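Q: Have a look at this one before I ask anything.
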Amino acid sequence: MASTIHRASTTAPVNIAVIKYWGKRDPKLNLPTNSSLSVTLSQADLRTHTTASCSSSYPSSDSLILNGSSQDVSGARTQACFRELRALRKAIEDGDDSLPKLSTFPLKVVSENNFPTAAGLASSAAGFAALVRAIANLYELPSSPTELSRIARQGSGSACRSLFGGYVGWEQGSASDGSDSVAFQVAPAAHWPNMRALILVASAAKKDVSSTSGMQTTVATSSLFASRAAETVPRRMNEMQKAIQEKDFEAFGKVTMMDSNSFHATCLDTYPPIFYLNDTSRAAIKVVETINTAAGKIIAAYTFDAGPNAVIYYLEENEAKVAGLFKAALGEKDGWVGKRGDAIEANGEAL
Ligand code: PMV
């Protein structure tokens, strides 16, 4: 008789930080040097779809296929996620003899992104969040999003924030085992539903310096880094949470832009320097400044991750002024693909 294939699928959204995670105090457990905060984007535009399956009939090793090509699963990050999820499943199996011993079967994970991978669009965030949730579903784990965020963090730090919808923080925590370094929801998407994100793809090429190696060199060599982690980010975490609670776009936008600038300043201050922004990125910053000057207040805010692509946040009522001007200024330029997120929404669940 053919062995059963057990299977579960899920999708996870991209999140784009408005207070950036940059620096690891423990590279093995992916424990950060500062807390961070992000907005979860609509899954209609940017998401990873993942199917996890397992069977006693599968070849003996675990496998992962991303966008049709086979990936190495031997890395410590992926192994940590598999190990933690298997341990949780095993604890359930140990208490109930009637359950199939899924924790002993090889795993097969198949993922598809609908956006450029590794182009500074937080693909690893959606990727590891989807991987962890798909396997948790396959194993029928009763885990909360908080617990799954602790596991996903070990795959890719920013992935922990993609387990929640809306406005999401990641508490750096202080425990050496990382048990308190988890994501939390600052506010559901419905709290401030008219937030919009415009994604400008300046380059879909893979980034030159991976975030892991970039962070390590920044921590080791940048003199700006220490004050960012110790003083600037803790203060801005408070300002940002207040701006979100009060739906104050001017405060939200100002802190978003200043934090992006601060993060890229520490990259430039790294030796050898890291340049994630390019001329197209700087043109996008100028367009945002022009929009805000014309409006007489902040109605658009840019932010850049570890790559040249701009994410512009704005409120729906300013759609024509913000997205319209970007289209007029940059629409004909080669290499620009405008993409507007739908309403930022909860993560497919009432979170
Ligand atoms: O999760 P990682 O290791 O890919 O690092 C992400 C770092 C940034 O995207 C630049 C910032 C962030 O908080 O998402």
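Taking our numbering, the leading residue of the sequence shown gets -7, the next gets one more, and so forth.
Backbone N, C-alpha and C define an ideal beta-carbon position, used for all residues, glycine too.
Please read these numbers as outputs of a predicted model, since none were measured by experiment.
1) CA-CA distance, serine 214 and lysine 199?
2) How do the stretch 263 to 279 and the stretch 17 to 28 stand: do at least 3 beta-carbon pairs fall below 8 Å, yes or no?
3) With distance defined between alpha-carbon atoms, name the residue in Gln233, Pro300, Ser116 nearest to alanine 197.
4) Mapping DSSP to helix, strand and coil, what is phenylalanine 296?
5) For the beta strand (DSSP E) that phenylalanine 176 lies in, which residues bound it at each end?
6) Return the CA-CA distance between leucine 77 and isoleucine 127, expressed in angstroms with no decimal places.
7) In three-state terms, what does DSSP make of aspartate 18?
8) For the 8 Å Cβ check, are there 3 or more pairs between the stretch 177 to 184 and the stretch 36 to 56?
9) Rounded to the nearest angstrom, how far is the Cβ of isoleucine 283 from that of lysine 313, given a contact under 8 Å?
10) What three-state label does DSSP hand glycine 161 in the structure shown?
11) Taking only three categories from DSSP, how would you classify alanine 4?
12) Given serine 166, which residues of its chain have a CB within under 8 Å of its CB, disregarding the five upstream and five downstream residues?
13) If you count every other CB in all the chains shown that lies within 10 Å of the CB of glycine 316, and 16 or more means buried, which is it?
14) Following a CB-centred definition, is serine 141 positioned closer than 7 Å to any heavy atom of the ligand PMV?
15) How many Å lie between serine 168 and alanine 320 at the Cα?
16) Would you call isoleucine 290 buried or exposed, if buried means 16 or more other Cβ atoms sit within 10 Å of its Cβ?
17) Could you give the residue range of the beta strand (DSSP E) that holds valine 102?
18) On the CB-based measure, 16 or more other CB atoms within 10 Å of its CB, does tyrosine 263 come out buried or exposed?
A: Concretely, from the data shown:
1) Looking up residue 214 in the sequence shown gives position 222. Looking up residue 199 in the sequence shown gives position 207. Each residue's Cα considered, the two are about 20 Å apart.
2) no
3) Mapped onto the sequence shown, residue 197 falls at position 205. Considering only alpha carbons, the answer is Pro300.
4) Mapped onto the sequence shown, residue 296 falls at position 304. DSSP places phenylalanine 296 in strand when its eight states are reduced to three.
5) Your numbering for residue 176 matches position 184 in the sequence shown. Per DSSP, phenylalanine 176 belongs to the beta strand (DSSP E) from 175 to 179.
6) In the sequence shown, residue 77 corresponds to position 85, counting from 1. In the sequence shown, residue 127 corresponds to position 135, counting from 1. Looking at the two C-alpha atoms, the distance is approximately 7 Å.
7) Here residue 18 corresponds to residue number 26 of the sequence shown, with the count starting at 1. Residue state, collapsed to three classes: strand.
8) no
9) For the purposes of this step, residue 283 is taken as residue 291 along the sequence shown, with counting starting at 1. For the purposes of this step, residue 313 is taken as residue 321 along the sequence shown, with counting starting at 1. Between lysine 313 and isoleucine 283 the Cβ distance is about 6 Å, and since that is below 8 Å, they are a contact.
10) The residue labelled residue 161 in the question sits at position 169 within the sequence shown. Three-state result, glycine 161: strand.
11) Stepping through the sequence shown from its first residue, residue 4 is reached at position 12. Of the three classes helix, strand and coil, the one that applies to alanine 4 here is strand, per DSSP.
12) In the sequence shown, counting from the first residue as 1, residue 166 sits at position 174. Closer than 8 Å at the Cβ level, and outside the excluded window around serine 166, lie Asp172.
13) By one-based count along the sequence shown, residue 316 stands at place 324. Exposed, because fewer than 16 other Cβ atoms sit within 10 Å of the Cβ of glycine 316.
14) Counting from one through the sequence shown, the residue named residue 141 turns up at place 149. Answer for serine 141: no, Cβ out of range of the ligand PMV.
15) Residue 168 sits at position 176 when you count from the first residue of the sequence shown. Residue 320 sits at position 328 when you count from the first residue of the sequence shown. In a straight line, the C-alpha of serine 168 is about 51 Å away from that of alanine 320.
16) In the sequence shown, the residue the question calls residue 290 occupies position 298. Looking at its Cβ environment, which holds 16 or more other Cβ atoms inside 10 Å, isoleucine 290 is buried.
17) In the sequence shown, residue 102 corresponds to position 110, counting from 1. Taken as a continuous stretch (DSSP letters only), the beta strand (DSSP E) holding valine 102 covers 99 to 105.
18) Within the sequence shown, the letter at position 271 stands for residue 263. That one is exposed.
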